[in-house]
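To start, the structure itself, in structure tokens.
Numbering (my numbering), first residue to last: 547 to 683.
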């Protein structure tokens, strides 16, 4: 079960190491794009903020992964006289819920992307699946 969870974590949360290059490349591809181009590909932003006179558009991706726990029961039989006594032990492993997110922020000036940043543990390490449309076409 730990192996399955680890594989899921690697597939979903590629922000570390290789994911940095992938995400940086994706975000860099949007430099100079218009707001309309970004919205046409990514959809409307989840938030718009103005901080210190700078316009920021924010897209978030949140995923919750729940893994089932596994139970292993072992039994031993002890015989004392003509009576058998059964002792069972149950061990539980795995399970739990993980939260995964990736936030993309673009700074806009004169209707064009001038800078960007990203953060999270659910940013792509490869451009496939739900991430295949993140790079500017």
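Glycine residues also receive a C-beta, built at the ideal position from the N, C-alpha and C atoms.
Reduced DSSP secondary structure (H/G/I, E/B, other) of residue i
| i | result |
| --- | --- |
| residue 615 | strand |
| residue 549 | Unreliable positioning characterises residue 549 in this predicted model, as indicated by a pLDDT of 47, which lies under 50. A coordinate reading is not provided. |
| residue 640 | strand |
| residue 593 | strand |
| residue 675 | helix |
| residue 657 | coil |
| residue 692 | As shown, the chain starts at 547 and ends at 683. That puts residue 692 outside it, with no answer to give. |
| residue 680 | coil |
Straight-line Cα distance separating residue j from residue i
| i | j | result |
| --- | --- | --- |
| residue 568 | residue 649 | 14 Å |
| residue 661 | residue 655 | 9 Å |
| residue 501 | residue 604 | Outside the displayed span of the chain (547 to 683) sits residue 501, for which this structure offers no information. |
| residue 614 | residue 666 | 24 Å |
| residue 623 | residue 642 | 33 Å |
| residue 576 | residue 610 | 28 Å |
| residue 645 | residue 606 | 13 Å |
With 16 other Cβ atoms within 10 Å as the buried cut-off, status of residue i
| i | result |
| --- | --- |
| residue 677 | buried |
| residue 585 | exposed |
| residue 572 | buried |
| residue 632 | exposed |
| residue 679 | exposed |
CB contact check: residue i to chain D, cutoff 7 Å
| i | result |
| --- | --- |
| residue 637 | The question asks about chain D, but that chain is absent: this structure has only one protein chain. |
Any 3 or more C-beta pairs closer than 8 Å across the segment 568-588 and the segment 661-676: yes
The segment 592-607 in contact with the segment 621-638 per 3-pair CB rule at 8 Å: no
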